[in-house]
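S.K.: Attaching a single structure in structure tokens format; questions to follow.
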Amino acid sequence: MLNNNNLINITKMKFKNIKYTFLSLCAVAALVSCDNDDDNMPIVMTPTCNDGIMNGDETGVDCGGTCTPCEDAMQPTMPDFTGTYAQVDFMGRPGINTVLSADGDIKNSHNMSIPSEMQATFQAAFEARLEAYHDVYATILGADPAAVNFEPNILGDILNGPTDDGYTNNPVTATVLTTVLSNDVLEVAPNLPTTYFNGGSGAPNYDGAVGLTGRTPQDDVIDVSLILLFGGGDGARFSGQDTDNDGMADLPRLTSDGVGLTATVGTTFPYLGSPE
Amino acid sequence: MKKSKLFMGLGALALVGVLLVAADHIDAPGSMGTSADIADFYAFEPSLGSDNTVFAVDLQSNVLPDLAYGTFDENVLLEINIDKDGDLVEDLVIQAIPRDGKMYFFGPVAPNETGLNGTVMVDSPLGSVDISAETAIVETTSNGVSLFAGPRQDAFYFDFFQFNAVIGGEAPLGFKPAGDPSTTDDDDTTAVDTFDGANTMSIVIEIPNSLLGETTAVNVLQLPVYKTWVTTNVKQ
Chain D
907 MLNNNNLINI TKMKFKNIKY TFLSLCAVAA LVSCDNDDDN MPIVMTPTCN
957 DGIMNGDETG VDCGGTCTPC EDAMQPTMPD FTGTYAQVDF MGRPGINTVL
1007 SADGDIKNSH NMSIPSEMQA TFQAAFEARL EAYHDVYATI LGADPAAVNF
1057 EPNILGDILN GPTDDGYTNN PVTATVLTTV LSNDVLEVAP NLPTTYFNGG
1107 SGAPNYDGAV GLTGRTPQDD VIDVSLILLF GGGDGARFSG QDTDNDGMAD
1157 LPRLTSDGVG LTATVGTTFP YLGSPE
Chain G
317 MKKSKLFMGL GALALVGVLL VAADHIDAPG SMGTSADIAD FYAFEPSLGS
367 DNTVFAVDLQ SNVLPDLAYG TFDENVLLEI NIDKDGDLVE DLVIQAIPRD
417 GKMYFFGPVA PNETGLNGTV MVDSPLGSVD ISAETAIVET TSNGVSLFAG
467 PRQDAFYFDF FQFNAVIGGE APLGFKPAGD PSTTDDDDTT AVDTFDGANT
517 MSIVIEIPNS LLGETTAVNV LQLPVYKTWV TTNVKQ
């Protein structure tokens, strides 16, 4: 709190400062003998924005009013964000680069790319990778790798409607699928419920199938990806089937990795659980 | 024996020795394990009927030892890119970059330049939030945008060790079946979430759709969508 003595002292200090300012102005101008004799003071001084005193319509010394605005001492200064920033990593849909890029060079190249150029750059390599995965299991199953290929998946059935048999007229070929996936962006629909993909009641009618409206932390993006890559027309082409009923799997299990959400995900911002 | 049938030809397979982690965690040699490594990206409507969109980006991970984890890098600019007309070129960016314990956000705004290089859009500040420790610190701006930055559980789930065995031709049976969640998987016969217990450095923003504006882009179901992706960018 200020008391009267403080106020007097501050007033004196201000007056003293103003007096010194005035004295130095006098010296520079050398117009008059500079003493405290009021009789010798210059009568008229036009306020300017560089005269070192607060005058005219200024709100501070040589600022405010018709001069440049005064800087607010309470305004926090923005940190320095200057410079150019160059892309080093990229992500759109989950797992695209990890799963469909065949080696470290392609993965690095993908991370240094922009979506508008990705289809031209990566589609063919992604399609080759998709077929290479099928060759792995063809070999395991003792089949000719050339004979075991990607089969059009349930997306085609859902898009075409339930009358399609999932194979003959299904438009989602390996080329179509890798074309869509090579345009590596995550689509999120404003004002619609978010589901990465859910096949609803499944083959053949897919009642209630929804998807492609974003990605929540709960969405099982790995199982969806596996179904679209290895599930074929009914979504279960390679799902550990025991085809001769002897109690042993005859086909590999490739349409689910067998795990679900283990982390805590909340219903309020920031949604992701506290660190473990 | 069926099992021997499954193993047939296994010896002929070329084994892929590369360590892979998804969804984007440690996805490539160039960014793997750096402070700029993007681990994951989510974009969703936070609740039924909400007029907001949430973008959550995970950077870094402690899922494996010796990875960069725990501190946001002041030389790394995170950019959320939003295409609203379907040409796969960003029409808006939301940026986040840390300084001295705070995460500063900019946008949504049309960037000065699209593509691989960019600058911080300092003339379009959105707000800032103190970087959290264990307890979440949340800032809500006057225009209804919620901001968060700090360590969080890694919500991604995937039996990635088995995935590596699968694509390496070392798993003739493919993935493992789901285990009984009430028991410990100590006999190695059921699937395990590799990311259970892992943490990541998250940046989360919830923004009213009105601030992003209308979109003319559509998905294959012809539903209007924002086409989004995230990048990390290092100061040159």
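Each protein sequence line maps, in turn, to chains D and G.
Just so you know, the first sequence maps onto residues 907 to 1182 in the numbering used here.
Just so you know, the second sequence maps onto residues 317 to 552 in the numbering used here.
Just so you know, even glycine gets a beta-carbon here, dropped at the ideal spot from N, CA and C.
(1) Pick out whichever of D:Thr-1168, D:Gly-989, D:Ser-1022 and D:Val-1171 has its Cα sitting closest to the Cα of Asn-1089 (chain D).
(2) Please tell me whether Phe-491 (chain G) has its Cβ less than 8 Å away from any Cβ of chain D.
(3) Across which residues does DSSP place Ala-465 (chain G) in a beta bridge pair?
(4) Considering only C-alpha positions, which residue in the set G:Asp-512, G:Phe-464, G:Leu-375 and G:Asp-407 is nearest to Ile-521 (chain G)?
(5) Count the CB pairs spanning the segment 338 to 354 of chain G and the segment 384 to 404 of chain G that are closer than 8 Å, and state whether there are at least three.
(6) Scan the segment 1083 to 1107 of chain D for residues whose Cβ lies nearer than 8 Å to a Cβ of chain G and list them as they occur along the chain.
(7) Write down every uninterrupted run of the alpha helix (DSSP H) in the segment 339 to 421 of chain G whose length is 4 residues or greater and which is fully enclosed by it, in chain order.
(8) Would you identify the three-state DSSP class for Asp-943 (chain D), choosing helix, strand or coil?
(9) Here's the rule: buried if 16 or more other CB atoms are within 10 angstroms of the residue's CB, otherwise exposed. What is Leu-393 (chain G)?
(10) For Met-997 (chain D), report the span of its beta strand (DSSP E) as first-last.
(11) Please report the straight-line C-alpha distance between Ala-1080 (chain D) and Ser-448 (chain G), rounded to a whole angstrom.
(12) Please confirm if Glu-1182 (chain D) has its CB atom under 8 Å from at least one CB of chain G.
(13) On the criterion of 16 or more Cβ atoms from any shown chain inside 10 Å, does Thr-972 (chain D) qualify as buried, or is it exposed?
(14) Quick one: what's got a C-beta closer than 8 Å to Ala-533 (chain G)'s C-beta in the same chain, skipping five residues either side?
(15) Near Pro-1123 (chain D), what residues of its chain come up, given a Cβ to Cβ distance below 8 Å and the 5 sequence neighbours on each side ignored?
(16) So, is Gly-1072 (chain D) buried or exposed, given that buried needs 16 or more other C-beta atoms within 10 angstroms?
(17) So with CB distances below 9 Å, who are the chain D contacts of Thr-435 (chain G)?
(18) Are Tyr-991 (chain D) and Asn-397 (chain G) touching if we call contact CB-CB under 8 Å?
(19) So is Glu-450 (chain G) buried or exposed if we call it buried at 16+ other beta carbons inside 10 Å?
(20) For Lys-400 (chain G), decide whether its Cβ has a neighbour in chain D, counting only Cβ atoms nearer than 8 Å.
(21) Between which two residues does the alpha helix (DSSP H) carrying Leu-1135 (chain D) extend?
(22) In angstroms with no decimal places, state the Cα-to-Cα distance between Gly-1117 (chain D) and Gly-1010 (chain D).
(23) May I ask you to list the residues that DSSP assigns as paired with Arg-1143 (chain D)?
(24) By the 9 Å beta-carbon criterion, what residues does the segment 350 to 366 of chain G contribute toward chain D?
(25) Anything in the segment 525 to 545 of chain G with a Cβ closer than 9 Å to a Cβ of chain C? List those residues in chain order, please.
(26) I'd like to know if Arg-1155 (chain D) contacts chain G, where contact means its C-beta is closer than 8 Å to some C-beta of that chain.
(27) Given that Glu-450 (chain G) touches chain D, what residues does it touch there, using C-beta distances under 7 Å?
(28) Please state whether DSSP places Asn-549 (chain G) in a helix, a strand or coil.
(29) In the DSSP output, which residue or residues are listed as bridge partners for Asn-1104 (chain D)?
(30) Which word fits Ser-1007 (chain D), buried or exposed, when buried means at least 16 other C-beta atoms lie within 10 angstroms of its C-beta?
(31) Helix, strand or coil for Asp-1041 (chain D) per DSSP?
(32) Please report the Cβ distance between Pro-424 (chain G) and Val-405 (chain G), rounded to the nearest whole angstrom; I am assuming they are in contact, meaning their Cβ atoms lie under 8 Å.
(33) Ala-372 (chain G) versus chain D: which residues are under 7 Å apart at the beta carbon?
(34) With burial defined as no fewer than 16 other Cβ atoms inside 10 Å of the residue's Cβ, what is the status of Met-984 (chain D): buried or exposed?
(35) Within 10 angstroms of its Cβ, does Asn-956 (chain D) collect 16 or more other Cβ (buried), or is it exposed?
(36) Taking all protein chains shown into account, do 16 or more other C-beta atoms lie within 10 angstroms of the C-beta of Glu-429 (chain G), making it buried, or fewer, making it exposed?
M.R.: This is what the structure holds:
(1) Nearest C-alpha to Asn-1089 (chain D): D:Ser-1022.
(2) At least one chain D Cβ lies under 8 Å of Phe-491 (chain G).
(3) According to DSSP, Ala-465 (chain G) bridges with G:Ile-519.
(4) Closest in C-alpha terms to Ile-521 (chain G), from the list G:Asp-512, G:Phe-464, G:Leu-375 and G:Asp-407, comes G:Phe-464.
(5) Yes, the segment 338 to 354 of chain G touches the segment 384 to 404 of chain G.
(6) Those residues of the segment 1083 to 1107 of chain D that come within reach of chain G (Cβ to Cβ, closer than 8 Å) are Val-1086, Asn-1089, Asp-1090, Val-1091, Leu-1092, Glu-1093, Val-1094, Ala-1095, Pro-1096, Asn-1097, Leu-1098, Pro-1099 and Thr-1100.
(7) Complete alpha helix (DSSP H) runs here, min 4: none at all.
(8) Any reading at Asp-943 (chain D) is ruled out, since the residue's pLDDT is 44, under 50, leaving its predicted position unreliable.
(9) With at least 16 other beta carbons inside 10 angstroms of its own, Leu-393 (chain G) counts as buried.
(10) Note, Met-997 (chain D): beta strand (DSSP E), 991 to 997.
(11) Computed Cα separation, rounded: 44 Å.
(12) Interface residue (Cβ-Cβ distance to chain G less than 8 Å): Glu-1182 (chain D) is classified as such.
(13) It is exposed - the Cβ of Thr-972 (chain D) has fewer than 16 other Cβ atoms within 10 Å.
(14) The answer, listed in chain order, is Asp-399, Lys-400, Asp-401, Gly-402, Pro-540, Val-541, Tyr-542 and Lys-543.
(15) The residues are Leu-1167, Ala-1169, Val-1171, Tyr-1177 and Leu-1178.
(16) Annotation note: pLDDT 47 at Gly-1072 (chain D) (below 50); position unreliable, coordinate value reported separately. Buried, by the Cβ-count rule.
(17) Those are Phe-987, Thr-988, Gly-989, Thr-990 and Tyr-991, listed as they occur along chain D.
(18) Not a contact, by the Cβ cut-off of 8 Å.
(19) Classification of Glu-450 (chain G): exposed, given that the 10 Å Cβ count is below 16.
(20) Answer no: the Cβ-Cβ gap between Lys-400 (chain G) and chain D never drops below 8 Å.
(21) Counting along the chain, Leu-1135 (chain D) sits inside the alpha helix (DSSP H) bounded by residues 1127 to 1136.
(22) For Gly-1117 (chain D) and Gly-1010 (chain D), the distance between alpha carbons rounds to 31 Å.
(23) DSSP, once it has assigned bridges, lists no residue as partnering Arg-1143 (chain D).
(24) Residues Thr-350, Ala-352, Asp-353, Ile-354, Ala-355, Asp-356, Phe-357, Tyr-358, Ala-359, Phe-360, Glu-361, Pro-362, Ser-363, Leu-364, Gly-365 and Ser-366.
(25) Among the protein chains of the structure shown, namely D and G, there is no chain C.
(26) Per the sequence shown, the amino acid found at residue 1155 (chain D) is Ala instead of Arg. Ala-1155 (chain D) belongs to the set of residues whose beta carbon lies under 8 Å from a beta carbon in chain G.
(27) Contacts between Glu-450 (chain G) and chain D, judged by CB atoms closer than 7 Å, involve Ser-1180 and Pro-1181 in chain order.
(28) Note: Asn-549 (chain G) maps to strand in three-state DSSP.
(29) As a beta-bridge residue in DSSP terms, Asn-1104 (chain D) pairs with D:Val-1116.
(30) With 16 or more Cβ atoms within 10 Å of its Cβ, Ser-1007 (chain D) is classed as buried.
(31) Here Asp-1041 (chain D) sits in helix by DSSP.
(32) Taking the Cβ atoms as the reference, Pro-424 (chain G) lies roughly 15 Å from Val-405 (chain G), outside the contact range of under 8 Å.
(33) Neighbours of Ala-372 (chain G) on chain D, chain order: Tyr-1177 and Leu-1178.
(34) Classification of Met-984 (chain D): exposed, given that the 10 Å Cβ count is below 16.
(35) Flag for Asn-956 (chain D) reads exposed.
(36) A residue is called buried when at least 16 other Cβ atoms come within 10 angstroms of its Cβ; Glu-429 (chain G) does not meet this threshold and is exposed.
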